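These protein sequence lines are chains A and B, in that order.
Letter by letter, the first sequence follows residues 1 to 253 of the numbering used here.
Letter by letter, the second sequence follows residues 1001 to 1437 of the numbering used here.
We treat Cβ as the ideally placed atom computed from N, Cα and C, and that holds for glycine.
Predicted model, so just to flag it, every value in this text is computed and none were measured.
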Amino acid sequence: MTSLLSIQNLHARIGDREVLRGIDLEVPAGEVHAIMGPNGSGKSSLSNVLGGKPGYEVTSGSVSYRGRDLLALAPEERAREGLFLGFQYPVEIPGVNNTYLLRAALNASRRHRSQSEVDAYDFLELVRGKAKLMKMDESFLSRGVNEGFSGGEKKRNEILQMLVLEPQLAVLDETDSGLDIDALKVVADGINSLRSPERAIVLVTHYQRLLDHVAPDRVHVLARGRIVKSGGPELARELEQRGYDWLLEAEAA
Amino acid sequence: MNAAVRPPVPGSLSQAAFEQRLRDAVMDAAPMLNSRLLPVSVRSAALNRALAAGLPQLRDDLWRYADLKFLGSAPWAPSPTAQDPTRWQGAAAAVLPQREAGFERLVFVNGRHAPELSDAIPAFDASVSPLVPERTRHERFGWLNDAFATDLVRLAVEGERRLEIVFVSTAIDAPQAVHPRLELLLRPGASLTLLERHVGGAGHASLINSATQLHLGSGAHCQHLREQSLSLESQLLDTLQVALDSNAEYALTLLQLGTRSLRSSQRLSLYGAGAGARIHGTAVSQGSRTLDHSLLVDHVAPRTTSQQVLRGIARDRSRIAWRSRVEVAATAHNASSQQSLKGLLGGAGAEVDLRPQLEIHTDQVRASHGATTGALDENMRFYLLSRGLDPDTARGLLEWSFLEDAVSLVGDPALRRLAERSLVAALGSSVAGEAVQ
């Protein structure tokens, strides 16, 4: 079967620093893939390049998403095509209503698909339902985007956005960092609720603990801008026990 | 002093020529200058002060960023044609903003009271003495408002009141001068919600020279929303002076959205112990416009407080300047002052000049100030794009976010919505009103 996301020999740099040095990755629809690796291995760079963050220069390789050249699309076009990037550090945008952003985002995608804009009342119902799932108080909906949210609240808000937008491919960058165990469970439930045969999820994470709650189909280890090992869920457990060093040494050898 | 060694700002206009223009203007304007509103002695003294002060000089720090080239050709005398409000009522009504429920409205057209567009309330209370504040060269164009104003609002406010004053300018067949004037005296303990609006435009090459003065008696409260959305060819000189007696509270929200060239000179004087003044100001410009502001806050009495939150968004090749100077006198023990100035650059040739200044003559004072200027935050922008928003909407939302705390002072919900709507309209993007909280 063809992959939803297909990355081939992807090289990218920021300024003079090469951060991705030949990534190959196939993510078929219906699967959850975990990208693990030590700090500085290029995990966030990979997420950012997939999202189209300015400042990254792709020097070679290709990324195909739903059969299209992802890198040729502007960030907002990627989003409307069903790519969702969950941020490691979601920004605060004071004064811009959280619900407004959700609705503007959803309508941008709907317009792109030639669908009518969502009815305001239906939308409110939808958002309330998803907020409940994320165990978020309704007051968060009327606040500024992430304004004064705690780290955990910001991450829940990311997943709330994801649930409203129902992306086909979600790339979640360290969504588990800064979460206490209860919040981790809530976030994991949110992610699991999105799993379906048409969708794929890429979890970028440093630790294995999120994977206890969201079982991955494949696990990849990123080091020095390259995937150095891929395997099943058991690889994550092995990493948890042995750390990353043995892989880095093996790679260097 | 020799005029030849003091090059006047307008370049082509010499000091002597400026004086001659003013003297000629007095002759032209004389039939329109009502001495019941402002006595001849006041007008003549003011003119003499203005003549003595002359034109602002390039090297004068108070006027460094003002674009006053238009003074070379701008008229000072009002036009007799424009002074008939019934004649311009139709044109004025067309640009008159929707009225706010619960506010008494007074409308002035080309500086003249227009009873047909106003509520049936007096605009002028003869029992109130003229409110002509002490002006300095910083407020020098206020003197010329004293000299040339053809009509005015002069009221004393007692108890609680909600007033909307709209100054509408309309283009006539020739360049004209309009001198809008507002004088309000708040009696002790009075509470005023004031909506002051400057709309329309006096026409090509015209001059609007407005003067607003407020005096807050002891314990008086004033919430003041001042919206300037004049047409984009307008040339505006503006003088605002506010004096506060003990324990008076003044909160000004300033929206500078229109004009091609604006110079606004503002002075807040905290004369009474425990008086407090807050200014939250926003300016939005594009094209090659210049919006120049100079604000002076005088802490004279003990325990006085002031806060300035000033925000400017300059796009294209436009320029915004905010000079904000706080002076704490030796008599102002335990005064406190906070200043926050921020500029957002929205174009390669745009310029924002922020100058917070502080001069303190007593040890017992708490004061802070800060100023930052930069472009839109790329991380915030990317965040919004990654949610599928188009670049224009993202920019509009981020600009809104940048300005948002500058309208947070407006406690009155209706006024706040109005301020938000005006700002969103001035940002001119596809940002819907619902984006705001």
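Looking at residue j and residue i, is the spacing between their C-beta atoms short of 8 angstroms?
i: residue 1100/B; j: residue 1164/B; result: yes
i: residue 1270/B; j: residue 1293/B; result: no
i: residue 1207/B; j: residue 1237/B; result: yes
i: residue 1388/B; j: residue 76/A; result: yes
i: residue 1076/B; j: residue 1144/B; result: yes
i: residue 1178/B; j: residue 1154/B; result: no
i: residue 1334/B; j: residue 1302/B; result: yes
i: residue 164/A; j: residue 214/A; result: no
i: residue 1102/B; j: residue 1162/B; result: yes
i: residue 227/A; j: residue 187/A; result: no
i: residue 106/A; j: residue 145/A; result: no
i: residue 1112/B; j: residue 1156/B; result: no
i: residue 1341/B; j: residue 1354/B; result: yes
i: residue 1310/B; j: residue 1149/B; result: no
i: residue 209/A; j: residue 176/A; result: yes
i: residue 206/A; j: residue 174/A; result: yes
i: residue 1246/B; j: residue 1275/B; result: yes
i: residue 1260/B; j: residue 1235/B; result: yes
i: residue 1152/B; j: residue 1183/B; result: yes
i: residue 201/A; j: residue 63/A; result: no
i: residue 1193/B; j: residue 1091/B; result: no
Consult DSSP for residue i and reduce its assignment to one of helix, strand or coil.
i: residue 189/A; result: helix
i: residue 1400/B; result: helix
i: residue 233/A; result: helix
i: residue 1142/B; result: helix
i: residue 228/A; result: strand
i: residue 255/A; result: Residue 255/A cannot be examined here, being either before or after the span of chain A that is shown, 1 to 253.
i: residue 1007/B; result: For residue 1007/B, the predicted structure reports a pLDDT of 43, less than 50, and the residue's modelled location is therefore unreliable. A value from the coordinates is still provided. Here residue 1007/B sits in coil by DSSP.
i: residue 1081/B; result: helix
i: residue 1200/B; result: strand
i: residue 1064/B; result: coil
i: residue 168/A; result: coil
i: residue 1103/B; result: coil
i: residue 1174/B; result: coil
i: residue 207/A; result: coil
i: residue 56/A; result: strand
i: residue 1433/B; result: Low confidence applies here, because residue 1433/B scores a pLDDT of 48, under 50, leaving its location unreliable; read the following figure in that light. Here residue 1433/B sits in helix by DSSP.
i: residue 1120/B; result: coil
i: residue 1134/B; result: coil
i: residue 135/A; result: coil
i: residue 51/A; result: helix
i: residue 975/B; result: The first residue shown for chain B is 1001 and the last is 1437, placing residue 975/B beyond what the model contains.
i: residue 1002/B; result: Because the pLDDT at residue 1002/B is just 38, under 50, the model does not fix this residue reliably, and the point stays unresolved.
Considering only DSSP beta bridges, list what residue i is partnered with.
i: residue 1332/B; result: Per DSSP, none; premise fails for residue 1332/B.
i: residue 1253/B; result: 1225/B and 1280/B
i: residue 257/A; result: Outside the displayed range of chain A (1 to 253) lies residue 257/A, so it cannot be described from this structure.
i: residue 89/A; result: DSSP, once it has assigned bridges, lists no residue as partnering residue 89/A.
i: residue 28/A; result: 3/A
i: residue 1311/B; result: 1282/B and 1342/B
i: residue 1327/B; result: 1298/B and 1359/B
So which residues on chain B does residue i lean against when the C-beta distance must stay under 9 angstroms?
i: residue 79/A; result: 1385, 1386, 1387, 1388 and 1389
i: residue 49/A; result: Within chain B, no residue comes near residue 49/A; the closest Cβ sits about 12 angstroms away, beyond 9 angstroms.
i: residue 101/A; result: 1384, 1387, 1389, 1397 and 1435
i: residue 26/A; result: Simply none; closest approach about 23 angstroms.
So with CB distances below 8 angstroms, who are the chain B contacts of residue i?
i: residue 243/A; result: Result: empty, since nearest Cβ-Cβ is about 31 angstroms, beyond 8 angstroms.
i: residue 161/A; result: 1387
i: residue 158/A; result: Those do not exist, as residue 158/A stays about 10 angstroms from chain B at its closest Cβ, beyond 8 angstroms.
Against residue i, what residues of chain B qualify as contacts under a CB-to-CB distance less than 7 angstroms, listed in chain order?
i: residue 109/A; result: 1388
i: residue 87/A; result: 1383
i: residue 53/A; result: 1382
i: residue 234/A; result: Correct list: empty, because the minimum Cβ distance to chain B is about 33 angstroms.
i: residue 75/A; result: 1382, 1385 and 1386
Since residue i and residue j should fall inside the 8 angstroms C-beta cutoff, what is the C-beta to C-beta distance between them, to a whole number of angstroms?
i: residue 1383/B; j: residue 90/A; result: 7 angstroms
i: residue 1326/B; j: residue 1307/B; result: Their Cβ separation, rounded to whole angstroms, is 10 angstroms, which puts residue 1326/B and residue 1307/B out of contact at 8 angstroms.
i: residue 1257/B; j: residue 1229/B; result: 5 angstroms
i: residue 1097/B; j: residue 1166/B; result: 7 angstroms
i: residue 1248/B; j: residue 1220/B; result: 5 angstroms
i: residue 1381/B; j: residue 1371/B; result: About 23 angstroms separates the two Cβ atoms, so there is no contact after all.
i: residue 1407/B; j: residue 1416/B; result: 7 angstroms
For a contact meaning CB atoms closer than 7 angstroms, what does residue i contact in chain A?
i: residue 1393/B; result: 104
i: residue 1379/B; result: 91
Starting from the beta carbon of residue i, find every residue of chain A whose beta carbon is closer than 8 angstroms, and list them in chain order.
i: residue 1401/B; result: 93, 94, 95, 96 and 144
Any Cβ of chain C within less than 8 angstroms of the Cβ of residue i?
i: residue 117/A; result: Included in the structure are the protein chains A and B, with no chain C among them.
In chain A, which residues lie with their C-beta within 9 angstroms of the C-beta of residue i?
i: residue 1404/B; result: 94, 95, 96 and 144
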